[in-house]
Amino acid sequence: MAVWFYYKVCSGEKIVLFMDEYSVRSNISNPSCELVAFDRGQLINMGFTFVKHSPYRLRSYGVLQVLRKRYERGINDFEISYEIMPLAGTLPIFFILIVGILLSILIVAFENIYFYFYEDDNAKPINVVYLQSSEDYELYKRLTLLKKTNTFFSLLIFKSYNQTFMNLCENPRGNDFNLFFNTRMLVVCKYFDHRPVINVYEWYSLHPNETIIDHFAIWKNATLIISTKSNLWERRRSFKNITLKVTAVKSNARSNKNKRLHGLMASLLMTIAEVANFKIDIQEPEDFYGVQDLTTKKWNGVIGKLANNETDIGLGEFTPTKSRLEVTDFSDPVITSPLKYYIKKPDKHILHWSMYYKALGQTVGYVLISIILILPPIISYLELSRRNMHDSRKISNSYLNIFIDCYFDVFGILCKMPLNNNWTHYNPLSQFVVPDSSSLLSIYIWLHVLAYALFIIYSGILTSYLAVFIPYLPFNTMEEFLMDGRYKLAIIKNTSYLELLRDTDEKASGILLDENDLPTYSSQGIEMVCAEKIVLFMDHYSVTNNQTNPPCELMAFAQSLQVSMALAFTKNSPYVDYFNYYLRILNSRGLIQHLMKSFKRRSESVNMTYEPVRLYNALPIFLVLIKGMLFYEIMPLAGTLPIFFILIVGILLSILIVAFENIHLP
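Each residue of the sequence shown is one higher than the one before, counting from 618 in our numbering.
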């Protein structure tokens, strides 16, 4: 019996077995599934059955416990057979092990090849060099020609009996070790005369033939005492009045006779120049930021000058790209701005005809049309039913005439017009024309409530449309722009915009203007947008800040990725870290934000004429404001459901009234 129950429970049917634990454990030798107990009932006893007061009952000598353990099976002691794992089952494990070994070998080989002299590694090595003779000095001098000293940390220890050689420790000649401004080199002068104090110097250079020495620390009684608490760039704050060549883009080089640059980047550069004590040699400005010729692989513009080491700093809003980073370095981002698609903003507030029905929304409009089409037949039926009960009245029973009258009644109520037909009369108390029938009167009342509620809401929404004007554009999304076909896309010539456009949207690059027709400066691009059917792909900062008096207002209808803008330097320039340090200081103190606000053009400065508003022009708006409620979104269908519910209730009540009149009235 227990086997049959086991079979029913394990067969997949939704059955719960109520049985004692001993039978579950002992009576089934090879169960087909595992059972789990989730609740416990009362305790029961099981044993032999004898006659009443039988003398043959077993005494408790422990025999029962021994037998119970022999025959009782544990819940989890099923006879499960285990197979030996074949080789195929271990193949994935061995495959993972082999792949890991191969990757380890490749990583070791890669490190040996590329990371031995990897210049851009943040974890720079420390070279400790003992110089004990002039031969050691010359050998290390030749080594610094092979490896730039600003790519690692150096600790030079001069130790010799030769006093002439030891003089090089405190008075080096020229720039024998090819030091740079950002070289991190400490020099220890250790004499054999057991001096109590050992000086530690810091070496770097600003000129090709000069080594600058700063006292860094002393070694006294086995203790290093640092003589300054300033960090690296504060210790090297002064550029010793050196001259740095700066090349700007013409859009940023609005210089006067004194060659004073203009713009946010120029202000930051001049601020750092005053702090660092260096001169700015303004080079002839370039027309372009710089792009790479795909055939010759050469760069033009400011990037080309930086790549050829013809200038030290590129002044302008340079966007770091993958190709530019191969030939130049950039400072930390100063400006972050989104790339947008700009179109000319309409000069006049043109009210499109669709604005009048967009105020309520498309779904609500469909419901109103349905009411106008459905209610006249219902009202006509109610009127015909009323006339059939009052044949004594000599009124024409033409259904067509009644339907036309009902249609004009419904349309007139929604337009807030008075009723005027054959079955209405003038009520001097209410001073309104009302129907004779109580059923028609109820449905007309509910329809009036609906009409007034919709009119109030519609007036408020339409007023908000007129007060908060949104210009009507020929397209509002990128997909609509690509499908329009009337507008062409323009970018600034020889800038990173073309590379960014191809990376983000290849379809848009297909409607780009010819290269000869592209504008050279941002001001030319804005003028083209204002004069022709042109869409300009440009960053928001350049559009809103670099133009003082634009001929028209631009409006963005789509946005691309965010770009960063920074100063440009020659590749491996020793001044990048210094500029980054002081840019962070200026940013933390809010000076960059202050400069950005000072150069930001107000959007209201566009040359637009506004006519004064007369009192009679504002009267309709004041009337609507008094009568309506202001909403700033299109009213959805859910907002009108209570009103339509009231109308439906009114129709049902009218039908019930007609039925009541047909039954009870003679």
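Note that CB positions come from ideal geometry on N, CA and C, so glycine has one too.
ask   = Opposite Ile743 in the DSSP bridges: which residues?
value = Phe770
inquiry  = For Ser1222 and Leu1171, what's the separation of their Cα atoms in angstroms?
reply    = For Ser1222, the predicted structure reports a pLDDT of 40, less than 50, and the residue's modelled location is therefore unreliable. A value from the coordinates is still provided. C-alpha separation (whole angstroms): 12 Å.
ask   = First and last residue of the alpha helix (DSSP H) that includes Val1160?
value = His1157 to Asn1162
query = For Arg1119, which residues of its own chain have a beta-carbon under 6 Å away from its beta-carbon, when the five flanking residues on both sides are left out?
reply = Ser1126
task = Please say whether Lys862 and Gln900 have beta carbons closer to each other than 8 Å?
result = yes
request  = Using only the heavy atoms of the ligand COA, determine whether one of them is closer than 7 Å to the beta carbon of Lys837.
outcome  = This structure lacks the ligand COA; in fact it carries no ligand of any kind.
request  = Using DSSP bridges, identify the partner residues of Gln1179.
outcome  = Pro955
key: Anticipated Cβ contact below 8 Å, Ala1185 with Leu923, distance rounded   = 6 Å
inquiry  = Which of the three DSSP states is assigned to Gly931 in this structure?
reply    = strand
task = In the DSSP assignment, find the unbroken alpha helix (DSSP H) run with Ile897 in it and report its ends.
result = Per DSSP, Ile897 belongs to no alpha helix (DSSP H); it is in the beta strand (DSSP E), Lys896 to Ile899.
task = Count the C-beta pairs between the stretch 1057–1065 and the stretch 991–1002 that are closer than 8 Å, then say yes if the count reaches three, no if not.
result = yes
request  = Would you kindly check if the distance between the Cβ of Leu772 and the Cβ of Leu803 is under 8 Å?
outcome  = yes
Beta-carbon spacing of Phe952, Tyr1158 below 8 Å = Note that residue 952 is Ile in the sequence shown, not Phe. Their beta carbons are under 8 Å apart, which means Ile952 touches Tyr1158 by this criterion.
inquiry  = Can you confirm whether the stretch 772–792 touches the stretch 802–820 when touching is taken to mean that 3 or more C-beta pairs between the two stretches lie within less than 8 Å?
reply    = yes
Secondary structure of His824, DSSP reduced to three states = strand
query = In terms of DSSP beta bridges, what is Phe1154 paired with?
reply = Tyr958
ask   = For the alpha helix (DSSP H) that contains Thr781, what are its first and last residues?
value = Gln780 to Glu787
ask   = Got a sec? Which residues, its chain only, sit under 7 Å from Ala1183 by beta carbon, not counting five neighbours each side?
value = Phe935, Pro937, Phe947, Ser948, Asp949, Pro950 and Val951
key: Buried versus exposed call for Lys1011 [16 or more other C-beta atoms within 10 Å across all chains shown]   = Confidence in Lys1011 is poor, its pLDDT being 46 and thus under 50, which makes the residue's placement unreliable; the coordinate value appears in the next sentence. Lys1011 comes out exposed.
key: Residues near Phe1092 in its chain [Cβ-Cβ closer than 7 Å; skip 5 each side]   = Phe1098, Asp1101 and Phe1174
ask   = According to the neighbour-count rule (16 or more other Cβ atoms, all chains shown, within 10 Å of its Cβ), is Asp1026 buried or exposed?
value = buried
request  = For the alpha helix (DSSP H) containing Cys1147, list its first residue and its last residue.
outcome  = Ser1139 to Ala1148
query = What is the DSSP secondary structure of Tyr818, counted as helix, strand or coil?
reply = strand
task = Can you grab the Cα-Cα spacing for the pair Cys627 / Thr707, in whole Å?
result = 33 Å
message = Buried or exposed, going by whether 16 or more other CB atoms sit within 10 Å of the CB of Phe667?
response = exposed
message = I believe Lys896 touches Asn926 by the beta-carbon criterion, under 8 Å. Please report the beta-carbon distance rounded to the nearest angstrom.
response = That pair is no contact at about 19 Å.
task = Check whether the Cβ atoms of Tyr1089 and Val1152 sit closer than 8 Å, and answer yes or no.
result = no
key: Continuous beta strand (DSSP E) stretch holding Ala890: start and end   = Ala890 -> not in any beta strand (DSSP E); alpha helix (DSSP H) instead, spanning Leu881 to Ala893.
inquiry  = So, under 8 Å CB-CB, Asp904 and Gly918 are touching, yes? Tell me the CB distance rounded to an integer number of Å.
reply    = 7 Å
query = By Cβ distance below 7 Å, which residues in the same chain neighbour Leu762 in space, the five residues on each side in sequence not counted?
reply = Asn795
key: Close-in-space but distant-in-sequence residues of the same chain around Phe1028 (CB under 7 Å, 5 per side omitted)   = Ile989
query = Taking DSSP as the reference, what is the three-state secondary structure of Asp753?
reply = helix
ask   = Which same chain residues, not among the five before or five after Cys1169, have their C-beta less than 6 Å away from its C-beta?
value = Lys961 and Cys1147
ask   = Going straight from the alpha carbon of Leu719 to that of Ala705, what length do you get?
value = 21 Å
ask   = With a Cβ-Cβ cutoff of 8 Å, do Glu1000 and Leu1057 count as a contact?
value = yes
task = State the Cα-Cα distance for the pair Val1180 and Ser1113, rounded to the nearest angstrom.
result = 10 Å
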